[in-house]
Amino acid sequence: MKRLLDIYFRFPILFDYLLGIGLVGVVHYYVKKCILTVPKEETVLDYGSETTTVLLTLAGFILTFLTVLITFKTGKTEGTKPLTLMEKFCNSSLYSDTTKLLKNGVQSLIFVTLIIYVLRFVNIFEISVLYYWIILSIIVLLLTILRSLFILDNILKFHTSDN
């Protein structure tokens, strides 16, 4: 399991989108086989609005967490005091990995949100295109939440392991 996570965390955004595209392909297959149907346009537009709200809210939370991490890193300390747990974390390799993963997660969430807005307001595509993109966006959202919680859990383990 650890090896699988290591591979995933090397290219998390790529794997998020590949999994999302795969699941969208499955949904599309079931729509073509008439097992599932694309909802009415009004319903899809409602899904789009709700999804973008959640995406931007989560992006804001992650951005806030990232800002707190950066603020703690740039805080000045006296040179004679022993390092605090936060300073140890900020000086470890986990800090740069954490900030990179969180930053890329925010960028990914904003990207899928922008595409939803473009598809919604540029009426040159069928409503099914927006529907499939919303499904992809929800997959990206869920994986970003899980990744952020995993990162937070590792930070907490890092802090408690030193006690």
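Per my numbering, residue 288 is the first one in the sequence shown, and the count goes up by one each step.
Even for Gly, the Cβ is constructed at its ideal location relative to N, Cα and C.
Cβ neighbours of Tyr317 in the same chain (closer than 8 angstroms, five flanking residues each side left out): Sequence-distant Cβ neighbours of Tyr317 in its own chain, meaning closer than 8 angstroms and more than five residues away, are Leu323.
On the CB-based measure, 16 or more other CB atoms within 10 Å of its CB, does Ile349 come out buried or exposed? By the 10 Å Cβ count, Ile349 comes out buried.
Assuming Leu423 contacts Val311 under a Cβ cut-off of 8 angstroms, what Cβ separation, rounded to an integer in Å, is found between them? Between Val311 and Leu423 the Cβ distance is about 5 angstroms, and since that is below 8 angstroms, they are a contact.
Identify, in the order they occur along the chain, each residue of the same chain with its Cβ nearer than 8 angstroms to the Cβ of Ile442, setting aside the five sequence neighbours on each side. If we look at Ile442 and ignore the five residues flanking it on each side, its Cβ neighbours are Phe376, Leu381, Thr385.
What do you get for Ile426, buried or exposed, if any count of 16 or more other CB atoms within 10 angstroms of its CB means buried? Around the Cβ of Ile426, a 10 Å sphere holds 16 or more other Cβ atoms; the residue is buried.
In three-state DSSP terms, what is Glu413? The answer is coil: DSSP assigns Glu413 none of H, G, I, E or B.
Spatial neighbours of Val393 in its chain, beta-carbon cut-off 6 angstroms, leaving aside the 5 residues before and after: Scanning its chain for C-beta atoms nearer than 6 angstroms, with the 5 sequence neighbours on each side dropped, one finds around Val393 the residues Ala346, Ile349, Leu350, in chain order.
Candidates Met373, Thr344, Leu343, Lys368: which alpha carbon is nearest Ile357's? Nearest to Ile357 by C-alpha distance, out of Met373, Thr344, Leu343, Lys368, is Met373.
Which residue's Cα is closest to the Cα of Ile308: Tyr418, His446, Leu433? Measuring from the Cα of Ile308, the nearest candidate turns out to be Tyr418.
If Val331 and Ile414 are in contact, beta carbons under 8 angstroms, what's the gap, nearest whole angstrom? Correct: roughly 5 angstroms between the Cβ atoms.
Please name the residue in Phe437, Cys321, Asn378 whose C-alpha comes closest to that of Asp293. Residue Phe437 is the option with its Cα nearest to Asp293.
Given a threshold of 16 other Cβ atoms within 10 Å of its Cβ, counted over all protein chains shown, does Asp303 qualify as buried or as exposed? By the neighbour-count criterion, in which a residue is buried when 16 or more other Cβ atoms sit within 10 angstroms of its Cβ, Asp303 is buried.
Under 7 angstroms, do Leu430 and Leu342 count as touching if we go by C-beta distance? Result no, Cβ atoms of Leu430 and Leu342 do not sit closer than 7 angstroms.
Put Cys321 into one of helix, strand or coil per three-state DSSP. Looking at Cys321 - three-state DSSP - the assignment turns out to be coil, as it is neither helix nor strand.
Do you know offhand how far Ser383's Cα is from Gly335's? The alpha-carbon atoms of Ser383 and Gly335 are separated by roughly 33 angstroms.
Find out if the Cβ-Cβ distance for the pair Phe412, Leu406 is shorter than 7 angstroms. When the beta-carbon positions are compared, Phe412 and Leu406 come within less than 7 angstroms of each other.
Work out the CA separation of Asn378 and Ile300 for me, nearest whole Å. In a straight line, the C-alpha of Ile300 is about 25 angstroms away from that of Asn378.
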